[in-house]
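See structure below.
Protein chains: 2
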Amino acid sequence: MIAKTPQAPYYAVIFTSVRTDNHEGYAEMAAKMIELAQQQDGFLGMESVRNEYGITVSYWQDLNAIQSWRNHVEHTVAKDKGRKEWYKSFKTRIARVEQDYGFVKGS
Amino acid sequence: MIAKTPQAPYYAVIFTSVRTDNHEGYAEMAAKMIELAQQQDGFLGMESVRNEYGITVSYWQDLNAIQSWRNHVEHTVAKDKGRKEWYKSFKTRIARVEQDYGFVKGS
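Listed in order, the protein sequences are those of chains A and B. Position one of the first sequence corresponds to residue 1 (my numbering), numbered consecutively onward. Position one of the second sequence corresponds to residue 1001 (my numbering), numbered consecutively onward.
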């Protein structure tokens, strides 16, 4: 769903990926990584949609929080496995959210 | 697909949305807006995935390009229609991409 993030500025990691035909173990690992990310200091929220390819955006308080998550041992293992087995290609973009606004019907 | 963006910095507009059950005219308008966005000065690329909800990330050269697209007459009409008919809720985040890196299998 739409992540409830605090007032800007904060950071977004935009991860766009195309998968291989090998999906073995992917769903379990993805679920585990989401759970683990949520436990990290500075984690603010996550949005993820997948069909033929996927976009996952995670939100973080600052660059340090992103750096810590990048270096997290279990995350590193998952990423290695991702490169070897699950992803044909991906792109990771680290961005500073400077402004945001929303809309909720009837509110 | 994964947008081929230039070297950072550049800007990203992350649009996360939840739709109503009224899909009438939505696909046509979405296709038209993608076509129109691509014609704007400073447009760099777009990634969009939808299932139960949607994430569309468009990439832009600078904030001026984003502002111009925001104020584009046809885009404004589409957004009004979106608020009235197609979207239950959405969030738009404007972010400065500071760093990116990618992976392509076998390359």
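Think of the CB as a built atom: it goes at the ideal place given N, C-alpha and C, for glycine as much as any other residue. Small disclaimer: the values here were computed from a predicted structure and weren't measured.
Residue closest to residue 1037 (chain B), alpha-carbon to alpha-carbon, out of B:1090, B:1059, B:1100: The residue you call residue 1037 (chain B) lines up with position 37 of the second sequence. The shortest Cα separation from residue 1037 (chain B) among B:1090, B:1059, B:1100 belongs to B:1059.
DSSP three-state call for residue 5 (chain A): helix, strand or coil? For the purposes of this step, residue 5 (chain A) is identified with residue 5 of the first sequence, where counting begins at 1. If DSSP states are grouped into helix, strand and coil, residue 5 (chain A) belongs with coil.
Quick one, are the C-beta atoms of residue 90 (chain A) and residue 1087 (chain B) less than 8 Å apart? As a working note, residue 90 (chain A) is residue 90 in the first sequence. As a working note, residue 1087 (chain B) is residue 87 in the second sequence. In this structure, residue 90 (chain A) lies away from residue 1087 (chain B), with their beta-carbon atoms at least 8 Å apart.
Who are residue 91 (chain A)'s beta bridge partners in DSSP? If you number the first sequence from 1, residue 91 (chain A) lands on position 91. Answer is A:16, B:1102.
Of the residues that make up the region 58-70 of chain A, which ones have a beta carbon closer than 9 Å to any beta carbon in chain B? Answer set for the region 58-70 of chain A: 59, 63.
Using the Cβ count rule (16 or more neighbours within 10 Å means buried), how would you classify residue 47 (chain A)? For the purposes of this step, residue 47 (chain A) is taken as residue 47 along the first sequence, with counting starting at 1. Residue 47 (chain A) comes out buried.
Between the CA atoms of residue 29 (chain A) and residue 75 (chain A) - distance to the nearest angstrom: Taking the first residue of the first sequence as 1, we reach residue 75 (chain A) at position 75. Taking the first residue of the first sequence as 1, we reach residue 29 (chain A) at position 29. When rounded, the distance between both Cα atoms is 10 Å.
So which residues of chain B does residue 88 (chain A) contact, with C-beta pairs closer than 8 Å? Indexing the first sequence from 1 puts residue 88 (chain A) at position 88. Within chain B, 1104, 1105 have C-beta atoms less than 8 Å from the C-beta of residue 88 (chain A), given in sequence order.
8 Å is my cut-off, CB to CB: does residue 1038 (chain B) come that close to chain A? In the second sequence, counting from the first residue as 1, residue 1038 (chain B) sits at position 38. It does not: the Cβ of residue 1038 (chain B) has no partner Cβ on chain A nearer than 8 Å.
Within 8 Å (strictly less), CB to CB, does residue 1019 (chain B) reach chain A? Position 19 of the second sequence holds residue 1019 (chain B). Not closer than 8 Å to any Cβ of chain A, the Cβ of residue 1019 (chain B) fails to qualify, so no.
Chain-order list of residues whose beta-carbon lies under 8 Å from that of residue 1065 (chain B) (same chain, five-residue window excluded): Here residue 1065 (chain B) is taken as the residue at index 65 of the second sequence, counted from 1. Cβ contact annotation for residue 1065 (chain B) (same chain, cutoff 8 Å, sequence separation greater than five): 1011, 1040, 1041, 1042, 1043, in chain order.
Using a Cβ cut-off of 8 Å (strictly closer), state whether residue 1024 (chain B) contacts chain A. Against the second sequence, residue 1024 (chain B) aligns to sequence position 24. By this cut-off, residue 1024 (chain B) is not an interface position.
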